[in-house]
Amino acid sequence: MQLTTEQVNDAMMDMYPEWRYRWCGGWACACMGAANCSGNASSKGVTREQWEAWVASNPDPDPPKPFDPEELVAVLRQASKEYSEGKTSSQEELKERLRKKYQK
């Protein structure tokens, strides 16, 4: 039995927002959370096609930031330089800088 649009919406809204915009097609889990598995959308009867339609109608209000590997290398080099000059005292400071730069 096909779910109604309202039922699909209810299933999608009943999960963490981060999971709503991913559909897992993996055969081995490296789980970041996804609508069909962690969000239980599949067990509630939501199909991939219904999920795709829902996402098209409900764009991610907070999309992930694009990842630039060259920018990451530059940040790491700068942090390494600061560490060697005694300007950065811990790995935690570096982690926090990277978190702020790349966190969604």
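According to the numbering used here, the sequence shown holds residues 993 to 1096 in order.
Beta carbons are placed, not taken as given, at the ideal position from N, Cα and C, and that holds for glycine.
Asked	Found
Count the other CB atoms within 10 Å of the CB of Tyr1008; is the residue buried (16 or more) or exposed (fewer)?	exposed
So, helix, strand or coil for Pro1051, using DSSP?	coil
Once you ignore the five residues that flank Asn1001 on each side, which residues in its own chain have a CB closer than 6 Å to its CB?	none
From the DSSP output, in three-state form, read off Thr996 for me.	coil
For Asp1060, which three-state DSSP category applies?	coil
How is the alpha helix (DSSP H) around Glu1010 delimited, first residue to last?	1009-1012
Rounded to whole angstroms, what's the CA-CA distance from Ser1035 to Asp1054? Just pull it up for me.	26 Å
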